[in-house]
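Trainee: Chain order of the listed sequences is A and B. The opening position of the first sequence corresponds to residue 1 in the working numbering, with each subsequent residue numbered one higher. The opening position of the second sequence corresponds to residue 1 in the working numbering, with each subsequent residue numbered one higher.
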Amino acid sequence: QSVLTQPPSVSAAPGQKVTISCSGSSSNIGNNYVSWYQQLPGTAPKLLIYDNDRRPSGIPDRFSGSKSGTSATLGITGLQTGDEADYYCGTWDSSLSAVVFGGGTKLTVL
Amino acid sequence: QLQLEESGPGLVKPSETLSLTCTVSGGSISSSSYYWGWVRQPPGKDLEWIGSIYFTGSTSYNPSLRSRVAISVDTSKNQFSLKLNSVTAADTAVFYCTRRGIGGPEAFDFWGQGTMVTVS
Numbered sequence: 001q002s003v004l005t006q007p008p009s010v011s012a013a014p015g016q017k018v019t020i021s022c023s024g025s026s027s028n029i030g031n032n033y034v035s036w037y038q039q040l041p042g043t044a045p046k047l048l049i050y051d052n053d054r055r056p057s058g059i060p061d062r063f064s065g066s067k068s069g070t071s072a073t074l075g076i077t078g079l080q081t082g083d084e085a086d087y088y089c090g091t092w093d094s095s096l097s098a099v100v101f102g103g104g105t106k107l108t109v110l
Numbered sequence: 001q002l003q004l005e006e007s008g009p010g011l012v013k014p015s016e017t018l019s020l021t022c023t024v025s026g027g028s029i030s031s032s033s034y035y036w037g038w039v040r041q042p043p044g045k046d047l048e049w050i051g052s053i054y055f056t057g058s059t060s061y062n063p064s065l066r067s068r069v070a071i072s073v074d075t076s077k078n079q080f081s082l083k084l085n086s087v088t089a090a091d092t093a094v095f096y097c098t099r100r101g102i103g104g105p106e107a108f109d110f111w112g113q114g115t116m117v118t119v120s
């Protein structure tokens with residue numbers, strides 16, 4: 001059971017928009033920065049979003065992040081088949097004194 | 001461009017110690033802006049943070065693994081290492097070495113390609 005809760009899967013058609021939620025508590029998301037990672041099949045995770053809503057250089061603006069209270073959301077617009085991957089949220093948990101991740105969400109682009 | 005590369009045995013016997021090293025190239029492990037550490041992922045499962053180390057040697061560990069894990073750093077070789085003792089089949093996973101920013105970005109911005117370790 002992951003500390004952060006994500007939907008196991010989401011799907012949408014090419015060109016459409018999808019959002020992936022990440023729910024936590026005041027000890028993690030509520031008081032710490034959230035990051036998001038994309039893991040393509042057979043590869044290492046890649047940073048997509050850091051500090052809740054900032055994109056590293058090279059990440060297209062189709063990817064966006066937001067946070068409200070104890071939940072965070074990853075948004076992806078203009079879906080492409082190459083976006084099919086597992087997406088993970090992560091943050092620091094002040095009570096556990098540990099980095100925690102969500103259980104991951106598998107995105108299918110139909 | 002920064003690169004991280006894991007190395008170590010791909011097969012470890014139950015009850016023995018798993019040892020991995022991460023070699024950092026294209027940047028200094030002695031930077032004051034980053035933690036260096038390990039994340040693992042059992043086959044078909046989720047990411048799990050193992051722990052991190054600062055270049056001074058200060059460490060933080062996942063409470064669930066703290067009794068079995070040790071991370072060390074060798075700044076002269078630009079490397080850091082993981083030791084996980086008393087392994088069982090449940091420790092079988094892909095192990096990634098990572099860099100995590102301090103103060104910004106507070107995220108794992110660089111990852112190694114990962115190395116599969118099987119306990120059997």
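Every residue, glycine too, gets a C-beta built ideally from N, C-alpha and C.
1) If you drop the 5 nearest sequence neighbours on each side, which residues of the same chain put their C-beta closer than 8 angstroms to that of residue 29(B)?
2) Is the region 24–32 of chain A touching the region 84–101 of chain A in the sense that three or more CB pairs, one from each, lie closer than 8 angstroms?
3) Are there 16 or more other CB atoms within 10 angstroms of the CB of residue 86(A), so buried, or fewer, so exposed?
4) Return the residue from the list 2(A), 15(A), 4(A) that minimises the CA-CA distance to residue 109(A).
5) Would you mind telling me which residues of chain B sit closer than 7 angstroms to residue 98(A), beta carbon to beta carbon, in chain order?
6) Looking only at its chain, what residues have a beta carbon closer than 6 angstroms to the beta carbon of residue 17(A), apart from the 5 residues adjacent to it on each side?
7) Give the interface partners of residue 80(B) over in chain A, defined as CB-CB distance under 7 angstroms, in chain order.
8) Let me make sure I understand the geometry here. Which of 88(A), 104(A), 75(A) has the alpha-carbon closest to that of residue 12(A)?
9) What does the alpha-carbon distance come out to for the pair residue 93(B) and residue 66(A)?
10) If you draw a straight line from the C-alpha of residue 64(B) to the C-alpha of residue 82(B), how long is it?
11) Note the first and the last residue of the continuous beta strand (DSSP E) segment covering residue 67(A).
12) So which residues on chain B does residue 44(A) lean against when the C-beta distance must stay under 7 angstroms?
13) Closer than 8 angstroms by beta-carbon distance: list the chain B residues that pair up with residue 63(A), in chain order.
14) Compare the beta carbon distance of residue 103(A) and residue 6(A) with 9 angstroms and say whether it is the shorter of the two.
15) Going by CA-CA distance only, name the one from 89(A), 43(A), 82(A) that's closest to residue 107(B).
16) If the criterion is Cβ atoms closer than 9 angstroms, does the pair residue 34(A) and residue 61(A) meet it?
Mentor: In short, the structure shows the following:
1) Close CB contacts of residue 29(B) within its chain, under the 8 angstroms cut and outside five residues either way in sequence, are with 36, 55, 73, 75, 78, 79, 80 (chain order).
2) yes
3) Classification for residue 86(A): buried.
4) 15(A)
5) 49, 62, 63
6) 77
7) Going along chain A, no residue has its Cβ under 7 angstroms from residue 80(B), so there is no contact; the nearest lies around 16 angstroms.
8) With respect to the C-alpha of residue 12(A), the residue from 88(A), 104(A), 75(A) having the closest C-alpha is 75(A).
9) Looking at the two C-alpha atoms, the distance is approximately 31 angstroms.
10) 16 angstroms
11) 63–68
12) 96, 111, 112, 113, 114
13) Listed along the chain, the chain B residues whose CB falls inside 8 angstroms of the CB of residue 63(A) amount to none; the nearest CB is some 14 angstroms away.
14) yes
15) 89(A)
16) no
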